[in-house]
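According to UniProt numbering, the sequence shown is numbered sequentially starting from 1.
For glycine and all other residues, C-beta sits at the position ideal for the given N, C-alpha and C.
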Amino acid sequence: MLPSPLVSTYQRYKKDTDAVASWLASTAKACGYPADLLGPPGPPKPKRKGKKKKPVSKPRLDAQNPYVVAIKDFIPLAQHIAASKKPVVDVPVTFARTITRVIDTRSSFGSKMAQHGLERDVKSDETHSYFVGVLEQVREVLKPRMSASSADWEKSSFSKSGDALVNSFSTLTVYEPSASFIDAPDIERPVNTNDSDKTVYVSEAPSLADLEEAVFAYALMLDDLNKIRAQVRSIWKNYRAGLYELASAAVATNTAIDLSRNIIDEVIPILQPHGGVRKIASTFYITVMLSKGFSVESLGIDPNQASGTGYFNYDTYDLADTMYYNVWRLLDAFSRVLTPRGIPLFKPGYYGIYDPSSNRETKSGQEKFQEDQILIMELCTELVLIARRLPSWPVEDGLLRGMKELIETRELPFSLVFAAQIYLDIHHSLREDVVRGLHEMVKSTSIIRNDVARHLEFHQNLKIRTWPASNDAVLKSMNMMIGWLGRDPIHDVKVKEYQESGTVLSADTEKYYLLRNSPVMAGLILYHYRAQLYDIGITVANAWGSMTCSAHLYNALQSERLLQDVWKDMDVAMSLLGQQSFFVGGAPKTAADYLKKFCWQMGTSVAAFANPKNRRAKVAIESRAGPRGIKQGAPVSSIFAERYVNGASNVEWTAEYVEKIISRSEWGEQEQPSAGIPPSVTKINDPKKPQEIRSGRQQKQAAKDGRLSPDQLVRSLALALQSESLEFAYPYLLLHRWCWQLLRAIKERCDPLLREIFTAAYMEKETELPFVVGYILLANSGVEAQRKDDRLMKAAAEAINHFLSVSGELCIDVAREGGFDVSFEFEEDEE
1 MLPSPLVSTY QRYKKDTDAV ASWLASTAKA CGYPADLLGP PGPPKPKRKG
51 KKKKPVSKPR LDAQNPYVVA IKDFIPLAQH IAASKKPVVD VPVTFARTIT
101 RVIDTRSSFG SKMAQHGLER DVKSDETHSY FVGVLEQVRE VLKPRMSASS
151 ADWEKSSFSK SGDALVNSFS TLTVYEPSAS FIDAPDIERP VNTNDSDKTV
201 YVSEAPSLAD LEEAVFAYAL MLDDLNKIRA QVRSIWKNYR AGLYELASAA
251 VATNTAIDLS RNIIDEVIPI LQPHGGVRKI ASTFYITVML SKGFSVESLG
301 IDPNQASGTG YFNYDTYDLA DTMYYNVWRL LDAFSRVLTP RGIPLFKPGY
351 YGIYDPSSNR ETKSGQEKFQ EDQILIMELC TELVLIARRL PSWPVEDGLL
401 RGMKELIETR ELPFSLVFAA QIYLDIHHSL REDVVRGLHE MVKSTSIIRN
451 DVARHLEFHQ NLKIRTWPAS NDAVLKSMNM MIGWLGRDPI HDVKVKEYQE
501 SGTVLSADTE KYYLLRNSPV MAGLILYHYR AQLYDIGITV ANAWGSMTCS
551 AHLYNALQSE RLLQDVWKDM DVAMSLLGQQ SFFVGGAPKT AADYLKKFCW
601 QMGTSVAAFA NPKNRRAKVA IESRAGPRGI KQGAPVSSIF AERYVNGASN
651 VEWTAEYVEK IISRSEWGEQ EQPSAGIPPS VTKINDPKKP QEIRSGRQQK
701 QAAKDGRLSP DQLVRSLALA LQSESLEFAY PYLLLHRWCW QLLRAIKERC
751 DPLLREIFTA AYMEKETELP FVVGYILLAN SGVEAQRKDD RLMKAAAEAI
801 NHFLSVSGEL CIDVAREGGF DVSFEFEEDE E
C-alpha cells in the first residue's frame, strides 16, 4: 500500500518505527517464533494485596486489531530471525535503511538537546537511551543476514536527520524548493515477510510524558511547515511576475493552510502534557538560539515559564522567523487582550506606520518585528469584526477560521499562527504590490456584476420553461452582495464601534483595509463570484441551446468556406470547453454529417426532424432525454465551489482529497530544459482523457504513479488552477447573449427562404430560434427526400459575416480586461 501523500516528517518517523516492528514480528513468526511469546507491551503492574489476580487474556493477532509489539521484544525477535535455518532470512535493504533512519533521527536529536543545555529528566533520558540501544542491538544482531549493500548502508547512513534538524534552524531561511527535492522518490519500507499473515503490527508508542519526544515532534512539524511555506512564497513571487492570476494563487494558498492543519493537529496532542505550544515553542527557541551562541540571559526568557511575553532579543528575529516564534508572540499577546464580546480597537498608528515602499532587507530585527506587529494587530481587529459582526461575509480563509477558533476556545491555535505567517510572507514578497489583489478583485467583480445586470435586462421579457424564476433570484442576490462588498461593510462596522467607544475614527482612515492587505481574501472573494458565474453561464447556455447551435452553424459555414473571418470568441470557447462538449464524435465535415450531428446534439433523429408532419402537427421533435448540454469543465477549479460558494464546513481538506482533485486536471506539466525556468503546462489532447478524469479512472492511475508530499501538492494545485483559470473566468453568459442575437439576425435574414421551403410553421416563438439552425442544415443536406438547397447556408453566412465584422472578439476583450492574455495560433487547413 502506498504511503499517504500527507506524510509529515514526524508521521514518517512513526511509520518507520512501525515498519521495523512489523517486519521483525512477521518475519520471526514466519520463522517459527511462538505467537504466545509476543507478550502484551507495557511494564507489569504492581500486585495489590488482598485481591485475587484476574486472569489476563492473550492478545488476538488479527487484522482488525493492530498488535502492539513491545520494544522489549525487538531483540529476541531479531535473535530468532538471525538463528533461523528454515527458512534462512536475508534482511532486505529497505529494513536496513529504515532502522538506520530511526536510529539517526532519535539519537542525533537527543544529543543536540543535551549539547545545547536543555534539561532532560532522568526517566526520559533512560527511555531514550534504552530505545536507541535496542535498535542498535537489533541492527547488530541482523548484520550477518544483511547483504553487502545493506551493511554498507548502515555505514554511510541515510542522514543524520536529528543533527540536520536542529542545525537547519541555525541557518535556515525560507527557501524555494529545489528540483532534486521536488523529484525525490517515495521512501520504501520493508513489508511483512509472510503474505498469509494478515496481522497489522505496530511499535509500542513513546510515552507522552517524554519532553524530548514533544520537542522532537515540534521540530519536525516546523520543518514540514517551512516546506509548505516555501511553496506559498513561490506562488506569490510568480503572481507578482504575472505567472499566476489572483484567484488561483489564493485558492492554492488557502489549501496549503488547510493541509498544514493536518500536520499541526497530529503534533499538538504530544505537546499538551508539557505546557502546550507556549512552553515547547519557548523551549525550542532557546535550544536553537543556544546553538548559535546566544546566552540564556541574552534571550531574556525562562524556559520553565509558559509565557511568550516580555523581553525579546531582536537580534534573533531572522532565526525566530523560521520557527514562527515572532508571529506566535504577537498573536499570543493579542489573545490576552481579546474580551469575550468586545472588539479590540487600536488607534490608527498606535503601533507605528507601515511603509511598504521601504526596503525590508536593510531593516534591523527590531524594525522587521515592528512591521510585523503593525500588520498583525490591525489585521486581527478586522478579523474579529467579521467574526462577531458580519456573519454574512461571503468566504472564510485560514485566518478568519483560526480567529473564530480563538474566539470560541480562548486558545491560540497554531494553524492561526501559520496562516498569519503566510499573510506576513505575502506582504514581504509583494510589498507595495500587495494592493494589486484588491484592484484586480474590484475590476473582475465589476465585470461580473455588469454581465449579470445585462443578462437580467436582456431576459426581462424573454423567458423559457427550462429557466425558473428562482435562478434569476440567485443572480439578483449575487449582484446585491457584490454591491454590499463595494461599500466596505467592515469599515462601516468599525466606524460604529469607534463611535460607541467614544472615539472618532479619522475621516481619512484607509477603507477596504482587509481586502487591500490580504490578496488571499480578495482572491477567494473573486473565486466565490467567478465560480457562480461560471456555473450560471454554462447552465444558461444549455437551457437556451444558444452556444451549441451557433457552434454547429459556424462549423458548417467554415467547412463550406462561406465565412470571411473566424469567430474568435467561439473558437476560444470551443478550445476551452473541448469539442466534445459541442459535437458528438468530433466536428462534422460533410453536409450530411452537419445535420446528423446537430440532431444528435439536440437529442433527436434526422428522420424525426425532417418529417414535415411533425411540424404541421406541432409535435416536439426533441427526445425525452433532451439535448446534449455542454459539460462543465474546469474539473479542479469547480471542486472548490463547495467550500467557497456553498460554505461547506464538513469537507475535510486532507492531502488525499487534494491529490484526487489534482488528478482530475486535464493539463500536464512540461519539463523545463534547465532549473530556474518557470513551469509551463499544456492541455492533454487525448480525447479519452476528459472521460477518464470525470469517471475517476484518472484518480486510480494517480495512486499507481506515486504520492506527492504536502508542498508538492501545493505546487501542483497552483499549476492546475492556473491552467484552468481562463476557462473558469471566460464570459459564457455574454457569449450566450451574442449567440442569441446572432440567431435573431440569421432568422431575420433567412425568414423568406425558411417560409418558402418549410412553410410559416417552421417557428412560432422566439425560444425555438436554435431549430432555425437545424432547418438551414436540413435544406443543405439533401437527405430524407429533401432536395439539396444551399441558399439558406449562403444567407446565414451573410448574417454571420456582418456580425463578425463588428463583434467577433467581444468576449475576448472582456477576458483581457479581467487580466487574461488571450492570443491565437492558427493552423492551416490541409488540402
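Item, Value
"Is the beta carbon of residue 661 closer than 8 Å to that of residue 636?", "yes"
"Terminal residues of the continuous beta strand (DSSP E) containing residue 203?", "201-203"
"Using 8 Å as the threshold, is the region 406-416 in touch with the region 249-267, meaning 3 or more CB pairs across them?", "yes"
"With DSSP as the reference, please indicate the residues paired to residue 682 in a beta bridge.", "668"
"Going along the chain, which unbroken runs of the alpha helix (DSSP H) with 4 or more residues stay wholly within the region 422-491?", "436-458 and 469-486"
"Quick check: residue 252 and residue 733, are their CB atoms within less than 8 Å of each other?", "no"
"Would you decide whether residue 20 is buried or exposed? Buried here means 16 or more other CB atoms lie within 10 Å of its CB.", "buried"
"Does DSSP put residue 651 in a helix, in a strand, or in coil?", "coil"
"Distance, Cα to Cα, residue 481 vs residue 529?", "10 Å"
"Starting from the Cα of residue 640, find the closest Cα among 221, 485 and 250 and give me that residue.", "250"
"For residue 398, tell me which candidate among 260, 448, 443 and 330 has the shortest Cα-Cα distance.", "260"
"Inspect the CB distances between the region 224-231 and the region 501-514 and report whether three or more fall short of 8 Å.", "no"
"Which residue marks the beginning of the beta strand (DSSP E) containing residue 69, and which one marks its end?", "67-69"
"Relative to the C-alpha of residue 278, which residue among 326, 295, 313 and 296 is closest?", "326"
"Could you pull the start and end residues of the alpha helix (DSSP H) that residue 552 belongs to?", "546-559"
"For my contact list, residue 728 and residue 634 are in at a C-beta cut-off of 8 Å; report their separation, rounded to the angstrom.", "5 Å"
"Are the beta-carbon atoms belonging to residue 132 and residue 78 less than 8 Å from one another?", "no"
"By the DSSP assignment, the alpha helix (DSSP H) with residue 637 in it spans what residues?", "635-639"
"Closer than 8 Å is the cut-off here; do at least three beta carbon pairs connect the region 311-318 with the region 361-369?", "yes"
"Should residue 540 be labelled buried (16 or more other beta-carbon atoms within 10 Å of its own) or exposed?", "buried"
"Pick helix, strand or coil for residue 171, following the three-state DSSP scheme.", "Residue placement at residue 171 cannot be trusted, given a pLDDT of 38 that sits under 50; the coordinates are not used to answer."
"Taking only runs that begin and end inside the region 232-282, name each unbroken alpha helix (DSSP H) of 4 or more residues, in chain order.", "246-271"
"Evaluate contact between the region 799-809 and the region 557-567, counting only Cβ atoms and requiring at least three cross-stretch pairs below 8 Å.", "yes"
"Kindly list the residues whose CB is nearer than 8 Å to the CB of residue 71, restricted to its own chain and excluding five residues on each side of it in sequence; keep chain order.", "41, 130, 131, 134, 203 and 204"
"Count the other CB atoms within 10 Å of the CB of residue 176; is the residue buried (16 or more) or exposed (fewer)?", "Any reading at residue 176 must be qualified, since the residue scores a pLDDT of 41, below 50, and its modelled position is unreliable; no value is offered."
"For residue 740, which residues of its own chain have a beta-carbon under 6 Å away from its beta-carbon, when the five flanking residues on both sides are left out?", "546"
"To the nearest angstrom, how far is it from the Cα of residue 469 to the Cα of residue 276?", "55 Å"
"Which whole-angstrom value describes the C-beta separation of residue 506 and residue 394, a residue pair presumed to lie in contact below a C-beta threshold of 8 Å?", "About 28 Å separates the two Cβ atoms, so there is no contact after all."
"DSSP has residue 91 in a bridge; who is on the other side?", "146"
"Measure the alpha-carbon distance for residue 497 versus residue 331 and round it to whole angstroms.", "22 Å"
"Just to check my reading of the structure: residue 467 and residue 543 have Cβ atoms closer than 8 Å, yes? What is that Cβ distance to the nearest angstrom?", "5 Å"
"Examine the Cβ distances between the region 552-562 and the region 797-806 and report whether three or more of them are shorter than 8 Å.", "yes"
"At a Cβ threshold of 8 Å, is residue 133 touching chain B?", "Considering every chain present, this structure includes no chain B. It has just one protein chain."
"Check whether the Cβ atoms of residue 240 and residue 524 lie closer than 8 Å to each other.", "no"
"What residues in its chain sit with their C-beta under 6 Å from that of residue 270, if we drop five residues either side in the sequence?", "214 and 217"
"Quick one: Cα of residue 463 to Cα of residue 609, how far?", "24 Å"
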